[in-house]
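Visitor:
In my numbering, the protein residues as written are 335 to 659.
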């Protein structure tokens, strides 16, 4: 029987000017529906798992189109709340050379996801029967989504369902005068989590300590009594993954990167790593599977993680095939 992964997270519309043009130049946009939970579930479905998204979408044609897109990615939409009128969105202007890529968020605090009056009885039964619950840091966008996330996490803990928390910190979305509250909210979620995707900068913000990556991540894992802490470190043309478990710090080999679309690359790492965890792999194999999946996600246009086991395993084994027929 396929293992079941449930995620609570936002669905957004991504708007991208084509061919590396800026907003000032663009006259058309490529658009797609995306979000951390969407990207992770799409990847896990492609690797053989059953996936369900818990979210709210607008009760209009935009919301119905988004739900249709989820179904095309293999994500079950049976428990979506259709309410409100707005979908959060962002514009991505792709950089080149010395010009950085630029993300501009729109409408997220007024979205259906942020404003929905969630009725959680059905959702709690879905979580109770899952094999894993995934929660994204965007759940901290307001008290409504935060309290919903906490209740789902508590349900998972009551039924011994592993809880994944992707810290996914976005400074541009949080108000400076409320930063101390966001820290308290993060800590409440971390105390309920079993598996966390985070990096050294998160540890410095939360624990106020300094040190090298291994020292910081081991302190983080011990402080919050986490089963696994995972993340990546980027270099100029390559990437490396790390995993902390049982106070041991393991890193993957460093893999060269070819970047077609950087957005969703971290979600690609999460897809591979969670697959390794769900399948009971050893920590060193979990992080290797994760970083290989993340490398491949960078080569696909769009945010959704569209990877497969053959390509992941070929990359790990150093097998290169230019053309498959």
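Just so you know, even glycine gets a beta-carbon here, dropped at the ideal spot from N, CA and C.
Work out the CA separation of residue 528 and residue 522 for me, nearest whole Å.
Guide: Taking the first residue of the chain shown as position 1, residue 522 is located at position 188. Taking the first residue of the chain shown as position 1, residue 528 is located at position 194. Their Cα atoms are separated by approximately 13 Å.
Visitor: Under three-state DSSP, which class holds residue 641?
Guide: Residue 641 sits at position 307 when you count from the first residue of the chain shown. In this structure, residue 641 counts as coil in the three-state DSSP scheme.
Visitor: For the beta strand (DSSP E) containing residue 338, list its first residue and its last residue.
Guide: Here residue 338 refers to the residue found at position 4 when the chain shown is read from its first residue. Per DSSP, residue 338 belongs to the beta strand (DSSP E) from 338-342.
Visitor: Report the option in 610, 337, 636 and 394 whose CA atom is closest to the CA atom of residue 351.
Guide: Position 17 of the chain shown, counted from the start, is the residue given in the question as residue 351. Answer by Cα proximity: 636.
Visitor: For the beta strand (DSSP E) that contains residue 574, what are its first and last residues?
Guide: Here residue 574 corresponds to residue number 240 of the chain shown, with the count starting at 1. Taken as a continuous stretch (DSSP letters only), the beta strand (DSSP E) holding residue 574 covers 572-579.
Visitor: Between the beta-carbon of residue 388 and the beta-carbon of residue 413, is there less than 7 Å?
Guide: Position 54 of the chain shown holds residue 388. Position 79 of the chain shown holds residue 413. Yes; because the gap between Cβ atoms is below 7 Å, this pair is in contact.
Visitor: Cα separation between residue 499 and residue 602?
Guide: Working through the chain shown from its first residue, we reach residue 499 at position 165. Working through the chain shown from its first residue, we reach residue 602 at position 268. Approximately 15 Å between the Cα atoms of the pair.
Visitor: According to the Cβ coordinates, are residue 483 and residue 446 closer than 7 Å?
Guide: Walking along the chain shown from the start, residue 483 turns up at place 149. Walking along the chain shown from the start, residue 446 turns up at place 112. Not a contact, by the Cβ cut-off of 7 Å.
Visitor: Buried or exposed: where does residue 359 fall if 16 or more other Cβ atoms within 10 Å of its Cβ makes it buried?
Guide: Against the chain shown, residue 359 aligns to sequence position 25. Exposed, because fewer than 16 other Cβ atoms sit within 10 Å of the Cβ of residue 359.
Visitor: For the candidate residues 597, 608, 617 and 632, whose alpha-carbon lies nearest to that of residue 424?
Guide: Here the question's residue 424 lines up with position 90 in the chain shown. The residue with the shortest Cα to Cα distance from residue 424 is 597.
Visitor: For residue 590, I'd like the list of residues in its chain whose CB is within less than 7 Å of its CB, leaving aside the five on either flank, ordered along the chain.
Guide: Taking the chain shown and counting its residues from 1, the one referred to as residue 590 is at position 256. Here the set comprises 571 and 572.
Visitor: Indicate whether the contact test is met: 3 or more Cβ pairs, each with one atom in the stretch 400-409 and one in the stretch 434-446, closer than 8 Å.
Guide: In short, these stretches do not touch, since the Cβ pair count stays below three.
Visitor: Per DSSP, which residues does residue 423 bridge with? Please list them.
Guide: Locating residue 423 in the chain shown gives position 89, counting from the first residue. Its beta-bridge partners are 347 and 440.
Visitor: Is residue 341 near residue 638, with beta carbons less than 7 Å apart?
Guide: The residue labelled residue 341 in the question sits at position 7 within the chain shown. The residue labelled residue 638 in the question sits at position 304 within the chain shown. Cβ distance not < 7 Å, so residue 341 and residue 638 don't count as in contact.
Visitor: From the DSSP output, in three-state form, read off residue 356 for me.
Guide: As a first step, residue 356 is located in the chain shown; it is residue number 22 there, counting from the start. Coil, per DSSP.
Visitor: Taking just the CA atoms, how far does residue 581 sit from residue 492?
Guide: Translated into positions along the chain shown, residue 492 becomes position 158. Translated into positions along the chain shown, residue 581 becomes position 247. Distance between the alpha carbons of residue 492 and residue 581 is about 26 Å.
Visitor: Can you tell which of 462, 480 and 485 has its C-alpha closest to the C-alpha of residue 494?
Guide: For the purposes of this step, residue 494 is identified with residue 160 of the chain shown, where counting begins at 1. Ranking 462, 480 and 485 by Cα distance to residue 494 puts 462 first.
Visitor: Give me, in chain order, the residues of the same chain whose beta-carbon lies closer than 6 Å to that of residue 671; leave out the 5 immediate sequence neighbours on both sides.
Guide: In this structure the chain extends from 335 to 659, so residue 671 is not present and cannot be described.
Visitor: Since I believe residue 620 is in contact with residue 604 (beta carbons under 8 Å), could you give me their beta-carbon distance rounded to a whole number of angstroms?
Guide: Taking the first residue of the chain shown as 1, we reach residue 604 at position 270. Taking the first residue of the chain shown as 1, we reach residue 620 at position 286. Not really, about 11 Å apart at Cβ, beyond 8 Å.
Visitor: Strictly by DSSP, which residues pair up with residue 390?
Guide: Counted from its first residue, the chain shown places residue 390 at position 56. Its beta-bridge partners are 415.
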